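Quick note, the sequences are listed as chains F and W, same order.
In this text, residue positions in the first sequence follow the working numbering: the first is 235, and each later residue adds one.
In this text, residue positions in the second sequence follow the working numbering: the first is 235, and each later residue adds one.
Heads up, the beta-carbon is just placed ideally off N, CA and C, and yes, glycines get one too.
None of these values were measured; they are calculated from a predicted model.
The block underneath contains the structure these notes are about, expressed in structure tokens.
Protein chains: 2
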Amino acid sequence: MATLSDVARRAGVSPATASRVINSSSKPVTDELRERVLAAVAELQYVPNAHAQLLARSHRSAVGVIVHDVSDPYFAEITRGLQRVATDRGRLLMICNSYRDPDRELEYVELLRGHQVAALILAGSGYHDDAFTRQLNEKLAAYEATGGRVAVIGRHEHSGDAVMPDNRAGGHLAGRELCELGHRAIGVVAGPRILTTTTDRLAGLRQALTEQGRELPERRIRYAEFDRDGGAEATARLLDADPGLTAIVALNDSMAIGALATLRARSLAVPRQVSVVGFDDMPIARDVTPALTTVRLPLVDMGVRAMSLVLGTGTSVPRFEVLPAELIRRDTAGPAPAQRRETAAPAPRARRADAAS
Amino acid sequence: MATLSDVARRAGVSPATASRVINSSSKPVTDELRERVLAAVAELQYVPNAHAQLLARSHRSAVGVIVHDVSDPYFAEITRGLQRVATDRGRLLMICNSYRDPDRELEYVELLRGHQVAALILAGSGYHDDAFTRQLNEKLAAYEATGGRVAVIGRHEHSGDAVMPDNRAGGHLAGRELCELGHRAIGVVAGPRILTTTTDRLAGLRQALTEQGRELPERRIRYAEFDRDGGAEATARLLDADPGLTAIVALNDSMAIGALATLRARSLAVPRQVSVVGFDDMPIARDVTPALTTVRLPLVDMGVRAMSLVLGTGTSVPRFEVLPAELIRRDTAGPAPAQRRETAAPAPRARRADAAS
DNA sequence: TCCCTGCGGGAAAGGGCTTTCTCTGCGGTA
DNA sequence: TACCGCAGAGAAAGCCCTTTCCCGCAGGGA
Numbered sequence: 235m236a237t238l239s240d241v242a243r244r245a246g247v248s249p250a251t252a253s254r255v256i257n258s259s260s261k262p263v264t265d266e267l268r269e270r271v272l273a274a275v276a277e278l279q280y281v282p283n284a285h286a287q288l289l290a291r292s293h294r295s296a297v298g299v300i301v302h303d304v305s306d307p308y309f310a311e312i313t314r315g316l317q318r319v320a321t322d323r324g325r326l327l328m329i330c331n332s333y334r335d336p337d338r339e340l341e342y343v344e345l346l347r348g349h350q351v352a353a354l355i356l357a358g359s360g361y362h363d364d365a366f367t368r369q370l371n372e373k374l375a376a377y378e379a380t381g382g383r384v385a386v387i388g389r390h391e392h393s394g395d396a397v398m399p400d401n402r403a404g405g406h407l408a409g410r411e412l413c414e415l416g417h418r419a420i421g422v423v424a425g426p427r428i429l430t431t432t433t434d435r436l437a438g439l440r441q442a443l444t445e446q447g448r449e450l451p452e453r454r455i456r457y458a459e460f461d462r463d464g465g466a467e468a469t470a471r472l473l474d475a476d477p478g479l480t481a482i483v484a485l486n487d488s489m490a491i492g493a494l495a496t497l498r499a500r501s502l503a504v505p506r507q508v509s510v511v512g513f514d515d516m517p518i519a520r521d522v523t524p525a526l527t528t529v530r531l532p533l534v535d536m537g538v539r540a541m542s543l544v545l546g547t548g549t550s551v552p553r554f555e556v557l558p559a560e561l562i563r564r565d566t567a568g569p570a571p572a573q574r575r576e577t578a579a580p581a582p583r584a585r586r587a588d589a590a591s
Numbered sequence: 235m236a237t238l239s240d241v242a243r244r245a246g247v248s249p250a251t252a253s254r255v256i257n258s259s260s261k262p263v264t265d266e267l268r269e270r271v272l273a274a275v276a277e278l279q280y281v282p283n284a285h286a287q288l289l290a291r292s293h294r295s296a297v298g299v300i301v302h303d304v305s306d307p308y309f310a311e312i313t314r315g316l317q318r319v320a321t322d323r324g325r326l327l328m329i330c331n332s333y334r335d336p337d338r339e340l341e342y343v344e345l346l347r348g349h350q351v352a353a354l355i356l357a358g359s360g361y362h363d364d365a366f367t368r369q370l371n372e373k374l375a376a377y378e379a380t381g382g383r384v385a386v387i388g389r390h391e392h393s394g395d396a397v398m399p400d401n402r403a404g405g406h407l408a409g410r411e412l413c414e415l416g417h418r419a420i421g422v423v424a425g426p427r428i429l430t431t432t433t434d435r436l437a438g439l440r441q442a443l444t445e446q447g448r449e450l451p452e453r454r455i456r457y458a459e460f461d462r463d464g465g466a467e468a469t470a471r472l473l474d475a476d477p478g479l480t481a482i483v484a485l486n487d488s489m490a491i492g493a494l495a496t497l498r499a500r501s502l503a504v505p506r507q508v509s510v511v512g513f514d515d516m517p518i519a520r521d522v523t524p525a526l527t528t529v530r531l532p533l534v535d536m537g538v539r540a541m542s543l544v545l546g547t548g549t550s551v552p553r554f555e556v557l558p559a560e561l562i563r564r565d566t567a568g569p570a571p572a573q574r575r576e577t578a579a580p581a582p583r584a585r586r587a588d589a590a591s
């Protein structure tokens, strides 16, 4: 690889001058030398060694991001928001997938710190695991102590800046909707119980049912992986245990899609026999058939906010933003079947949130 | 940030010794000093500066990847394959999204070269743009000249190692299937015409139709963005121009999903009135309703192969691997409607490639 | 007792870049 | 004419590590 001194030598100038030309520094350089340097750069196909640059420069510019899995639409959307702001501000993003492995998360914090990122963003559910949470907080605190900025998305156990989707309110929306549609036998297809996202959404759901005089016994909940296959499998277990279920809440849309697959395989009509409500409103939700009724989270916006917090001026008080959830009514949730319905169907209203395009 | 000399000072040893302990070098260090160093590391929360390390060490380890968009399932799958091999070999991946912008692609090649990646993988369609192709090849050649390894996935215009899905054969499969089902009025929802992927798939499709005595006039092709909305929009234009179409080939699954949305919005039954065939077989294809008949590409495997090529021993002859396409029959392609059907329906056969799970 | 060997440790030389500091030479002012 | 100031270039000091080279010392063999 050609180095800066190669360029300088070829142009017949000092490395200092070459550097100034290449970085268009404020220090003036005569046009003639500038030309010579530029020519040498082109001839040698010179590209500065980024590591040497980062070492020599003092200011850090890249931002580290740790997500569960970028290819999961939930995180893809959040990442889109992060990217948008980062690109606007000329920041590079280093994105790492933890695949929901707490140890890997810890490792990545170290790795990114080692890469001298200016800020760190952790997106995705926290864990009900005190030892891990303590360790993570220690590492984050150490990082912040050296001037690093930290923001978390969707996890409340860290003390720094945080952007939180209102998971609890979202769960509540889903629960209330199904109650109003007259459902009593409601099953839940949940993500891993160690995730705070799971328990938060579940808590809101349970609260809604309780308010309506229903309840949510443990036997109507199945925990599985937070993905399509997990949802399919949990739904199967749920139906095996209680064939009389008239509604299923899936704690994210991927699981909801799995639930729909299982229902289809068992020839249960949606929503005539069984209603389904998802969570997140990822893009594909409107394209499955029937289109998925779900709880929308402003995913892109969450990313935008988190990145803005972290790149903005730091305050000593950690900021905490809660972004609202919203119920999107499409076609998978309908009135409970008559023989099981307990209350009158609600007044008619527009049932579709968005037209097919 | 604590530095190595901070650690060394605190432990009362030289930086050399500290470095040896931290990197568990082969050079022996007495247990006592080792302990002291480790203690100092823990107390100071020391993390080595990755840039300094990379500068000091000679060997490059990270691998750069340029894709159109990781959150696009096509690339998500490829990336999964890349990751798998990279992780096995202890390599870090730097993934960059070009968002199908050739200039950004060029920039990223420079950027990754600057970051001293050991290898570079470009995934995604090439462009019908000679000036760009030449520039890219120059940059890649310059990189290879300094010992870098390069592999491309799905683009044939570069001379190095390449992994190619058989786009042409895939197009042929889709075309033949629809011909055998008796379709004559076949429309195509295509990606941007500047992409080689588009033209390759189109060429195979056209060949199949020609072989069956049909043809594929330009007026039955609509070009649009390679995503869901592009597919929806192109399908609408196609149907407006020719309402008598009995089949639509979408040149990727995202577009196919858009096509299904448009057909649904126009109350055209799939596959009774209009058949649809997609391309890629991304995971969601089996979960839409009706489940999507599509051409499967071994996406994960493509990633695995490319990474293996690039991390394997280099040969002077560039290797070129073509991976086969396969038709996956699900529920969106059926016999042409009777009044339009031109040949007898084919012999009955199993129509579903995979059971609902 | 002396020398050689080998182990454990440190000094120091990079690695490629940025940036401050220094130096030279010129034009302008008193 | 003497001096000051400044523009433009280079020298050199880091940035933080790794790794080679070298040194001192203890133990073993002659």
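Residue i to residue j span [Cα, whole Å]
{"i": "residue 256 (chain W)", "j": "residue 272 (chain W)", "result": "8 angstroms"}
{"i": "residue 281 (chain W)", "j": "residue 405 (chain F)", "result": "41 angstroms"}
{"i": "residue 407 (chain W)", "j": "residue 521 (chain W)", "result": "22 angstroms"}
{"i": "residue 384 (chain F)", "j": "residue 390 (chain F)", "result": "13 angstroms"}
{"i": "residue 375 (chain W)", "j": "residue 242 (chain W)", "result": "43 angstroms"}
{"i": "residue 268 (chain F)", "j": "residue 250 (chain F)", "result": "12 angstroms"}
{"i": "residue 362 (chain W)", "j": "residue 410 (chain F)", "result": "54 angstroms"}
{"i": "residue 552 (chain F)", "j": "residue 514 (chain F)", "result": "26 angstroms"}
{"i": "residue 264 (chain W)", "j": "residue 270 (chain W)", "result": "10 angstroms"}
{"i": "residue 527 (chain W)", "j": "residue 547 (chain W)", "result": "39 angstroms"}
{"i": "residue 396 (chain W)", "j": "residue 367 (chain W)", "result": "15 angstroms"}
{"i": "residue 339 (chain F)", "j": "residue 392 (chain F)", "result": "14 angstroms"}
{"i": "residue 244 (chain W)", "j": "residue 283 (chain W)", "result": "18 angstroms"}
{"i": "residue 247 (chain F)", "j": "residue 266 (chain F)", "result": "11 angstroms"}
Buried versus exposed call for residue i [16 or more other C-beta atoms within 10 Å across all chains shown]
{"i": "residue 333 (chain W)", "result": "exposed"}
{"i": "residue 323 (chain W)", "result": "exposed"}
{"i": "residue 365 (chain F)", "result": "exposed"}
{"i": "residue 452 (chain W)", "result": "exposed"}
Cβ of residue i within 7 angstroms of any chain W Cβ
{"i": "residue 293 (chain F)", "result": "no"}
{"i": "residue 380 (chain F)", "result": "yes"}
{"i": "residue 349 (chain F)", "result": "yes"}
{"i": "residue 235 (chain F)", "result": "yes"}
{"i": "residue 518 (chain F)", "result": "yes"}
{"i": "residue 344 (chain F)", "result": "yes"}
{"i": "residue 362 (chain F)", "result": "no"}
{"i": "residue 406 (chain F)", "result": "no"}
{"i": "residue 491 (chain F)", "result": "yes"}
Own chain residues within Cβ distance below 6 angstroms of residue i, not counting five before or after
{"i": "residue 484 (chain W)", "result": "423, 465, 490, 493 and 512"}
{"i": "residue 314 (chain F)", "result": "534"}
{"i": "residue 420 (chain F)", "result": "412 and 481"}
{"i": "residue 294 (chain W)", "result": "350 and 352"}
{"i": "residue 455 (chain W)", "result": "422 and 424"}
{"i": "residue 458 (chain F)", "result": "464, 467 and 468"}
{"i": "residue 373 (chain W)", "result": "343"}
Interface flag, residue i vs chain F, CB-CB below 7 angstroms
{"i": "residue 523 (chain W)", "result": "yes"}
{"i": "residue 305 (chain W)", "result": "yes"}
{"i": "residue 282 (chain W)", "result": "yes"}
{"i": "residue 369 (chain W)", "result": "no"}
{"i": "residue 302 (chain W)", "result": "no"}
Other residues of its chain near residue i: CB distance less than 8 angstroms, five sequence neighbours each side excluded
{"i": "residue 304 (chain F)", "result": "310, 313, 329 and 331"}
{"i": "residue 508 (chain F)", "result": "479, 480, 481, 482, 497 and 502"}
{"i": "residue 296 (chain W)", "result": "325, 326, 327, 328, 349, 350, 351 and 352"}
{"i": "residue 476 (chain W)", "result": "419, 421, 453 and 454"}
Beta-carbon contacts of residue i that lie in its chain and below 7 angstroms, excluding the five residues immediately before and after
{"i": "residue 318 (chain W)", "result": "538"}
{"i": "residue 530 (chain W)", "result": "515, 559, 560 and 562"}
{"i": "residue 532 (chain W)", "result": "557"}
{"i": "residue 275 (chain F)", "result": "241 and 256"}
Original post:
Just checking, does the region 393-406 of chain W make contact with the region 430-439 of chain W on the three C-beta pairs under 8 angstroms criterion?
Top reply: The region 393-406 of chain W makes contact with the region 430-439 of chain W, as at least three CB pairs between them are under 8 angstroms.
**OP:** Assess, as a yes-or-no matter, whether the region 472-483 of chain F is touched by the region 495-508 of chain F under the definition of 3 or more beta carbon pairs within less than 8 angstroms.
**Re:** Touching, yes, given that three or more Cβ pairs across the two stretches are closer than 8 angstroms.
Subject >> the region 426-433 of chain F in contact with the region 558-572 of chain F per 3-pair CB rule at 8 angstroms >> reply: No, the region 426-433 of chain F does not touch the region 558-572 of chain F.
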